[in-house]
Amino acid sequence: MPDLALSHVIVLLLNGVAFGVVLFLLAAGLSLTLGLMKILNMAHGALYMVGAYVGWSLVVEYRLNFWLAAFLAALAAGVVGLGMERFLRPLHQHLNDQVLLTLGFVYILTNLCQWIWGPLARIPFTAPDLAGSISIAGWAYPRYRVGVIILGLILAGVLWWFQEKTRVGAIIRAGIDDKEMATGVGLHVERVNTLVFLAGSCVAGLSGVVGAQLFGVNLDLGFDILLFAVVVIIVGGLGSIQGALIGGILIGVIDSLGKVLLPDATMFLIYLVMIVVLLIKPSGLLGRSI
-19 MPDLALSHVI VLLLNGVAFG VVLFLLAAGL SLTLGLMKIL NMAHGALYMV
31 GAYVGWSLVV EYRLNFWLAA FLAALAAGVV GLGMERFLRP LHQHLNDQVL
81 LTLGFVYILT NLCQWIWGPL ARIPFTAPDL AGSISIAGWA YPRYRVGVII
131 LGLILAGVLW WFQEKTRVGA IIRAGIDDKE MATGVGLHVE RVNTLVFLAG
181 SCVAGLSGVV GAQLFGVNLD LGFDILLFAV VVIIVGGLGS IQGALIGGIL
231 IGVIDSLGKV LLPDATMFLI YLVMIVVLLI KPSGLLGRSI
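Counting with my numbering, you get residues -19 to 270 for the letters of the sequence shown.
And the structure:
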C-alpha cells in the first residue's frame, strides 16, 4: 500500500468528489423514476451516452458554445427519454418486461450512435474557460474538475429545492410514499410521472456532456456508467436527491482512493459498500421506504 502525502490525499478526494458529482447527476433521475414510477430504466446510461455524443458533435464539429451545447444535448436526451416513456408507461410494476424493453433500448441507441458517429471513441472535450489547471495543495489540478464539482453542487441544490419546496415536488414525494392514495385525493401523479421521466432524461444527457472529460465518449458508456448509477441509488436510497448526492460522492471517493490504495480491488470495495448498506439499512442511507 503506497504512503500518501496529505496533498496527494486532498487531490484524490477532489477527484472522487468530481467523479461522484457526475454519478449523482446520472443517478438522481434514475432514483426518482424508479421511486415514483416503479420503472427500472436500464437505458438510463444510454441517455447519458446520447448526451455525450450530441454534445461532442455540437462542441467539436460545429464549434458551438459548450454551455449551449450542454443545454441542447440535455434536450436531445430528454426527447429520446420522452419517447421511451410512452412505451414504458403500460409496464408499471412489470419488472421483467421493463428490464427486457429497456435493455433493448440500450442496444438500439448504441447501434444508432455507432451508425451516426462510428465505432471509434471520441476525444474528451470541455469548455474553453475551464481548460488549464489551478494550484491545489501544491499540485496542478484541472480547472475542469473544480467546475464539475461547483456545477454539480449547484444543480443538487436546485433539484433539492424543486423536490422539497415546490408543489410538483410535494406530489413527487407523495407519489413515492403512496401513489394510490396520492391519486385518490386528486393529485395528477401520472402527469408528474412524465415530467420526472423527462427531467431525469435531460439531466442524464447533461451529465453526459459534463462527464465527457472524465469518462470520454464511447459506445460502452450505456452499460458501464449504468452500473455505477445503480450502486449509487442503492447506497443513497430511492427517491432522495440528498441520498443520490451522498451516495454518488461516497462511491466516487471510494473509487478514487481505491484505484491508488487497492487498485486490484476497487470494484470489490464499491460493491462491498453496497452490500453493507443493504444489510444495515435496506432502503439506503436516505431512501424512502417504498
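Backbone N, C-alpha and C define an ideal beta-carbon position, used for all residues, glycine too.
(request) Helix, strand or coil for residue 220, going by three-state DSSP, please let me know. (result) coil
(message) According to DSSP, residue 120 sits in a beta bridge with which residue or residues?
(response) 115
(message) Restricting to Cα atoms, I'd like to know which of 27, 128, 260 is closest to residue -5.
(response) 128
(message) Assuming residue 77 is part of the alpha helix (DSSP H), what are its boundary residues?
(response) 75 to 97
(request) Would you give the residue range spanned by the alpha helix (DSSP H) that residue 157 belongs to? (result) 147 to 157
(request) Mind checking who residue 197 pairs with in its DSSP beta bridge? (result) 102
(request) Taking residue 174 and residue 41 to be in contact with their CB atoms under 8 Å, please state how far apart those CB atoms are, rounded to whole angstroms. (result) Not really, about 32 Å apart at Cβ, beyond 8 Å.
(request) Classify residue 18 as helix, strand or coil using the three-state DSSP reduction. (result) coil
(request) Between the Cα of residue 2 and those of 58, 196, 144, spot the shortest distance and give me the residue it belongs to. (result) 196
(message) Quick check on the DSSP output: the alpha helix (DSSP H) that includes residue 187 runs from which residue to which?
(response) 169 to 190
(message) Contact between the segment 96 to 116 and the segment 205 to 214 is defined here as three or more beta-carbon pairs at a separation below 8 Å; is this criterion met?
(response) no
(message) Quick check on this structure: which residue in 122, 117, 103, 118 has the alpha carbon closest to the alpha carbon of residue 111?
(response) 122
(request) Determine, using beta carbons only, whether residue 203 and residue 86 come nearer to each other than 8 Å. (result) yes
(request) Decide yes or no for the touch test of the segment 31 to 48 against the segment 180 to 199: beta carbon pairs closer than 8 Å, at least 3 of them. (result) yes
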